[in-house]
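**Student:** In the numbering used here, the protein residues as written are 630 to 846.
All C-beta atoms in this analysis are idealised placements derived from N, C-alpha and C, irrespective of residue type, glycine included.
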Amino acid sequence: IETAYDLTQGQPWLVNALAKEIVEKMVKDRSIAITKEHILTAKEILITRQDTHLDSLAERLREPRIKAIIEPMLAGLELGDIPNDDIQFVIDLGLCKMHPYGGLTIANPIYREVLPRVLTVTPMASLPMIAPTWLTSAGELNIDALLTAFLKFWRQHGEPLLGSTGYHEIAPHIVLMAFLHRVVNGGGVLEREYAIGSDRMDLCLQYKDVILGIELK
Numbered sequence: 630i631e632t633a634y635d636l637t638q639g640q641p642w643l644v645n646a647l648a649k650e651i652v653e654k655m656v657k658d659r660s661i662a663i664t665k666e667h668i669l670t671a672k673e674i675l676i677t678r679q680d681t682h683l684d685s686l687a688e689r690l691r692e693p694r695i696k697a698i699i700e701p702m703l704a705g706l707e708l709g710d711i712p713n714d715d716i717q718f719v720i721d722l723g724l725c726k727m728h729p730y731g732g733l734t735i736a737n738p739i740y741r742e743v744l745p746r747v748l749t750v751t752p753m754a755s756l757p758m759i760a761p762t763w764l765t766s767a768g769e770l771n772i773d774a775l776l777t778a779f780l781k782f783w784r785q786h787g788e789p790l791l792g793s794t795g796y797h798e799i800a801p802h803i804v805l806m807a808f809l810h811r812v813v814n815g816g817g818v819l820e821r822e823y824a825i826g827s828d829r830m831d832l833c834l835q836y837k838d839v840i841l842g843i844e845l846k
């Protein structure tokens, strides 16, 4: 229950969606105890599947008054001169909340993961065919080969792909995340951390036993 609350912060649709995924699909046998791992797996399924509720966030992100708030948050920058009504608007939508210790934050960890992920959908759809040269013959991630592959990809396709997102200030971040999603589609996980005033976005790519931390500024 604690894990479910931490992930959803009590958002009703998310709570119900997690519960439905677990009890109706993952753990149908009522004699089996639901564990933290079940909750985390259900969270990933919801994020990946992007049901109607989560998918609608993508449309919201196109609205100029929301973009003006979310874009600097993703980049870790200060908000700047944002009208009070616009801040209240994203709070009323349930997209953001005021942190008890100060500052505007994304409302819950699931939304915090979904927002940058939905922004990568169009860039990912625009990616060319990329051979997984970053994998060894044993299927392990080779970080040096990954860096080489990304630099080659960026030189050939980076600049045109910057135009595939309306979030121009963080377009390089989004293109990199799109590329890394192509990498983790083979069996890895990409996590993100960002906050107002942090001046960066932190990425953590995990592929089997290899963990790679990336700081974007």
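Quick one, which of 733, 816 and 710 has its alpha-carbon nearest residue 719's?
**Tutor:** Against the sequence shown, residue 719 aligns to sequence position 90. Of the candidates 733, 816 and 710, the one whose C-alpha sits nearest the C-alpha of residue 719 is 733.
**Student:** Do you know how far the Cα of residue 731 is from the Cα of residue 753?
**Tutor:** Reading the sequence shown from its first residue, position 124 is the one you call residue 753. Reading the sequence shown from its first residue, position 102 is the one you call residue 731. Cα to Cα, residue 753 sits roughly 35 angstroms from residue 731.
**Student:** Give me whichever residues DSSP pairs with residue 840 in a beta bridge.
**Tutor:** For the purposes of this step, residue 840 is taken as residue 211 along the sequence shown, with counting starting at 1. By DSSP's assignment, residue 840 forms a beta bridge with 835.
**Student:** I'd like to confirm the pairing. Which residues does DSSP put opposite residue 821 in its beta bridges?
**Tutor:** Translated into positions along the sequence shown, residue 821 becomes position 192. Note: residue 821 sits in a beta bridge opposite 832.
**Student:** Can you check the segment 726-751 for any beta strand (DSSP E) of at least 3 residues that lies completely inside it and give the ranges in chain order?
**Tutor:** 733-735
**Student:** Between which two residues does the alpha helix (DSSP H) holding residue 672 run?
**Tutor:** Residue numbering aside, residue 672 sits at position 43 when the sequence shown is read from its first letter. That run of the alpha helix (DSSP H) goes 665-678.
**Student:** Within the same chain, show all residues whose beta-carbon is closer than 8 angstroms to that of residue 825, passing over the 5 residues directly before and after it, in chain order.
**Tutor:** Position 196 of the sequence shown, counted from the first residue, corresponds to residue 825. Answer for residue 825: 701, 702, 705, 706, 707, 708, 732, 733 and 734, listed in chain order.
**Student:** Between which two residues does the alpha helix (DSSP H) holding residue 720 run?
**Tutor:** Position 91 of the sequence shown holds residue 720. Counting along the chain, the alpha helix (DSSP H) containing residue 720 begins and ends at 713-721.
**Student:** As a quick exercise: from 809, 635 and 630, pick the residue whose alpha carbon is nearest that of residue 843.
**Tutor:** Translated into the one-based positions of the sequence shown, residue 843 becomes position 214. The candidate whose alpha carbon is nearest that of residue 843 is 809.
**Student:** Alpha carbon to alpha carbon, how far is residue 678 from residue 729?
**Tutor:** Here residue 678 corresponds to residue number 49 of the sequence shown, with the count starting at 1. Here residue 729 corresponds to residue number 100 of the sequence shown, with the count starting at 1. Each residue's alpha carbon lies about 31 angstroms from the other.
**Student:** Are the CB atoms of residue 690 and residue 643 nearer to each other than 8 angstroms?
**Tutor:** Position 61 of the sequence shown, counted from the first residue, corresponds to residue 690. Position 14 of the sequence shown, counted from the first residue, corresponds to residue 643. No, Cβ-Cβ distance for residue 690 and residue 643 is not below 8 angstroms.
**Student:** DSSP has residue 845 in a bridge; who is on the other side?
**Tutor:** As a first step, residue 845 must be located in the sequence shown, where it is residue number 216. Per DSSP, 830.
**Student:** Count the other C-beta atoms from every protein chain shown that fall within 10 angstroms of the C-beta of residue 806, then say buried if there are 16 or more, exposed otherwise.
**Tutor:** Mapped onto the sequence shown, residue 806 falls at position 177. The residue is buried, with at least 16 neighbouring Cβ atoms inside 10 Å.
**Student:** How far does the alpha helix (DSSP H) with residue 636 in it reach, from first residue to last?
**Tutor:** In the sequence shown, the residue the question calls residue 636 occupies position 7. Per DSSP, residue 636 belongs to the alpha helix (DSSP H) from 631-637.
**Student:** Given this structure, state the Cα-to-Cα distance separating residue 659 from residue 669, to the nearest angstrom.
**Tutor:** By one-based count along the sequence shown, residue 659 stands at place 30. By one-based count along the sequence shown, residue 669 stands at place 40. For residue 659 and residue 669, the distance between alpha carbons rounds to 19 angstroms.
**Student:** Looking only at its own chain, which residues have a Cβ that is under 6 angstroms from the Cβ of residue 800, when we skip the five neighbours before and after it?
**Tutor:** Along the sequence shown, read from residue 1 onward, the residue named residue 800 stands at position 171. Here the set comprises 791 and 794.
**Student:** Less than 8 angstroms between the C-beta atoms of residue 716 and residue 695, yes or no?
**Tutor:** Walking along the sequence shown from the start, residue 716 turns up at place 87. Walking along the sequence shown from the start, residue 695 turns up at place 66. No, these two residues do not count as a Cβ contact at 8 angstroms.
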